[in-house]
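Here the protein sequences come in this chain order: A and B. With full-length UniProt numbering, the residue at position 152 of the first sequence is 152, and numbering never jumps. With full-length UniProt numbering, the residue at position 167 of the second sequence is 167, and numbering never jumps. In this text, a Cβ means the ideal position worked out from N, Cα and C, and glycines have one as well.
Protein chains: 2
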Amino acid sequence: MTLKGPARRRGADLEDAILDAAWEVLTEQGHAGVTFEAVAARAGTSRPVLYRRWAHRDDLVLAAITRFWRGRPLTLPDTGNLRDDAIAFLRNVDAGRSRMMTVMSVQFMDYFRNTGTNFNQLRDLVRPPGEPTGFEKIVARAVERGELPDVPRSPRVVNLPFDLLRHDMLMSMGQVPSTSIMEIVDEVWLPLINAGSNRLRDKA
Amino acid sequence: MTLKGPARRRGADLEDAILDAAWEVLTEQGHAGVTFEAVAARAGTSRPVLYRRWAHRDDLVLAAITRFWRGRPLTLPDTGNLRDDAIAFLRNVDAGRSRMMTVMSVQFMDYFRNTGTNFNQLRDLVRPPGEPTGFEKIVARAVERGELPDVPRSPRVVNLPFDLLRHDMLMSMGQVPSTSIMEIVDEVWLPLINAGSNRLRDKA
DNA sequence: GGCGTTAGATACATCCGCGTATCTTAAGGC
DNA sequence: GCCTTAAGATACGCGGATGTATCTAACGCC
């Protein structure tokens, strides 16, 4: 009568399955929905199995976020021109991080309130300060190609597309339409970065 | 023996007191903390009084948000020139809304998820759609003064400073330094809006 | 000043998640 | 193939919130 063919999971297999379940619940139900009860049910296991690994609910949530984050590094395609580099990178960010952004803002609220820190500081923790950002690399490549003049640029201007995309993701609680990405690049960033170049060229 | 001096509240008085209590609980405990139980206790009344007014918890939350929002209209000073208009308005927004923005962004994610809405939709609910935004008014005034040419402009470009300020408020979980407001206006918005004007003037 | 309205105080059954304890049974190393 | 380990299924009491049902007493209007 053992038709069930149990195939009982153990160790890392089980843990990954639980964290995947937790991530699903987190994105579908929100932070409040991530109960030991719900995650255990979704993972097809029972609460004591979770309690043996994570003492508090937020430990479980943090583990799920970390696993997801590590599993999806952002890629920065090299298309050969500035505009396509920017659009492709923004699309990658949008596809890979939009759910994450909304989730993170929920998850870290208590952490922020308790420690007095904020998103900026958390981001600086995760990303070592020496490393250039995606758009800093994109601009550097454009300068190397001769597509942009080699002049100093304000970090705010260079990273503007990323900030605007992040803003739109937060405001819409999810992925951003492709038209918004185009607007950001074509209506805002390229005119701005070309205006800066022109102004400096005019001086020369 | 009626030493309590009850002064029992009714109607709008009571309702305002409840909504104030709900707002306090919302900012202190987050969306999950806004239970009928907690709000009734904070307002010094009892749950049935709340149930007589709002059937669902999110109705109560929305009412509290709306009340707070309406109670603090943004003022738009008229300084006589574009740059100072922009900076003064951003400072007003920063001072009047930064607390609310952080609360909304983070505390309300669960609300958004529950109601299937997002920040954009909530803003449209609270703000009547026909009315021009602050920066639309600022630009219109600059056009009237002859400071900017009367050309069509992308809403994204016009409202860019507001979006960037909102983004910075969200990322810093609070008020934004004055230098950031200057950057937004001087490094991003004015060059961009002048570049657009110049480009169109060049054609003429 | 009487009366309809409604605030405020219970009481209640119910549901849900928590955290722990206990027991079985499958998995996997030796 | 034995034996340690841990998965998985209960079960239990607890606490907190829900939604409703009464009942009283204060308010305010005519």
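Out of Y51/B, A21/B, R53/B and L190/B, point me to the one whose CA is closest to I138/B's CA. Measuring from the Cα of I138/B, the nearest candidate turns out to be L190/B.
Helix, strand or coil for residue 210/B? Go by DSSP, reduced to three states. As displayed, chain B neither begins before 1 nor continues past 204, which places residue 210/B out of reach and without an answer.
Keeping to the same chain, check which residues put their C-beta closer than 8 Å to that of L192/B; ignore five residues upstream and five downstream. The residues are V157 and L160.
When burial is assigned at 16 or more other CB atoms within 10 Å of the CB, is S178/A buried or exposed? Under the 10 Å beta carbon count, S178/A is surrounded by fewer than 16 other beta carbons and is classified as exposed.
Please report how far the alpha carbon of R127/B lies from the alpha carbon of E187/A, in whole angstroms. Between the alpha carbons of R127/B and E187/A lies a distance of about 26 Å.
Is there a Cβ from chain B that is less than 8 Å from the Cβ of P77/A? Chain B contact via Cβ: absent.
DSSP on R156/B, reduced to helix/strand/coil? In the structure shown, R156/B sits in a helix (DSSP, three-state: H, G or I).
Against chain A, with Cβ distances strictly below 8 Å, would S178/B count as a contact? Not one chain A Cβ lies under 8 Å of S178/B.
How about P191/B: is its C-beta nearer than 8 Å to some C-beta of chain A? Closer than 8 Å to the CB of P191/B there is at least one CB belonging to chain A.
Would you grab the beta carbon distance between L74/B and G134/B for me? Rounded to a whole angstrom, and I think it's under 8 Å. Rounded, the Cβ-Cβ distance is 6 Å, consistent with contact.
Partners in chain B for S46/A, counting only beta-carbon separations shorter than 9 Å: Per Cβ cutoff of 9 Å: no residues; S46/A is ~25 Å from chain B at best.
Please state whether the Cβ-Cβ distance between R83/A and V185/A is less than 8 Å. In this structure, V185/A lies closer than 8 Å to R83/A by Cβ.
Check for me: the alpha helix (DSSP H) holding A12/A runs from which residue to which? For A12/A, the enclosing alpha helix (DSSP H) has its first and last residue at G11 to Q29.
At least 3 beta-carbon pairs within less than 8 Å: the stretch 19–31 of chain A vs the stretch 41–52 of chain A: Verdict: yes, contact present.
Beta carbons nearer than 9 Å to chain B: which residues of the stretch 45–73 of chain A have them? For the stretch 45–73 of chain A, the set of positions with a beta-carbon nearer than 9 Å to some beta-carbon of chain B is empty.
So which of A63/A, A140/A, F89/A and N92/A has the shortest CA-CA distance to R153/A? That would be A140/A, whose Cα lies nearest to the Cα of R153/A.
Per-residue DSSP class, three states only, for A204/B: Since pLDDT at A204/B reaches only 37, below the 50 mark, its modelled position is unreliable, and the value read off the structure follows with that caveat. In the displayed model, A204/B falls within coil according to three-state DSSP, outside both helix and strand.
At the 8 Å Cβ level, is A22/B part of the contact set with chain A, yes or no? Chain A contact via Cβ: absent.
Run down chain B in chain order and give the residues with a C-beta less than 9 Å from the C-beta of F119/A. Residues of chain B with a Cβ closer than 9 Å to the Cβ of F119/A are, in chain order, L170, M171, S172 and M173.
Inter-residue CB distance, D163/B and S180/B (contact presumed, cutoff 8 Å): With 8 Å as the limit, D163/B and S180/B do not qualify as a contact, their Cβ atoms being about 13 Å apart.
CB contact check: L164/B to chain A, cutoff 8 Å: Chain A contact via Cβ: present.
With 8 Å set as the bound, which would you pick, yes or no: does the beta-carbon of S154/A sit closer than that to a beta-carbon of chain B? Yes, contact with chain B.
Within 8 Å (strictly less), CB to CB, does E183/A reach chain B? Closer than 8 Å: yes.
Beta carbons nearer than 9 Å to chain B: which residues of the stretch 130–162 of chain A have them? Those would be S154, R156, V157 and L160, in chain order.
Give the interface partners of V188/A over in chain B, defined as CB-CB distance under 7 Å, in chain order. Correct list: R156, V157, L160 and L192.
Roughly how many angstroms lie between the CA atoms of T117/B and V151/A, to the nearest whole one? Answer to the nearest angstrom: the Cα atoms are 43 Å apart.
Roughly how many angstroms lie between the CA atoms of L170/B and R8/A, to the nearest whole one? Straight across, the Cα-Cα distance linking L170/B with R8/A is about 45 Å.
With DSSP collapsed to three states, give me the class of V185/A. Residue state, collapsed to three classes: helix.
Helix, strand or coil: how does DSSP classify L164/B here? If DSSP states are grouped into helix, strand and coil, L164/B belongs with the helices.
Output yes or no for whether 8 Å exceeds the beta carbon distance between V39/A and I18/A. Contact flag set, yes.
Reduced DSSP secondary structure (H/G/I, E/B, other) of T179/B: Taken through DSSP and simplified to helix, strand or coil, T179/B comes out as helix.
Given that A17/A touches chain B, what residues does it touch there, using C-beta distances under 7 Å? Within chain B, no residue comes near A17/A; the closest Cβ sits about 24 Å away, beyond 7 Å.
Taking Cβ positions, are E28/B and N81/B nearer each other than 8 Å? Not closer than 8 Å, so no.
If we count the other Cβ atoms within 10 Å of its Cβ and call it buried at 16 or more, is R97/B buried or exposed? With 16 or more other Cβ atoms inside 10 Å of its own Cβ, R97/B counts as buried.
Nearest to D58/A by CA position, among W69/A, A43/A, H31/A and E37/A, is which residue? Checking every option, the nearest Cα to that of D58/A belongs to H31/A.
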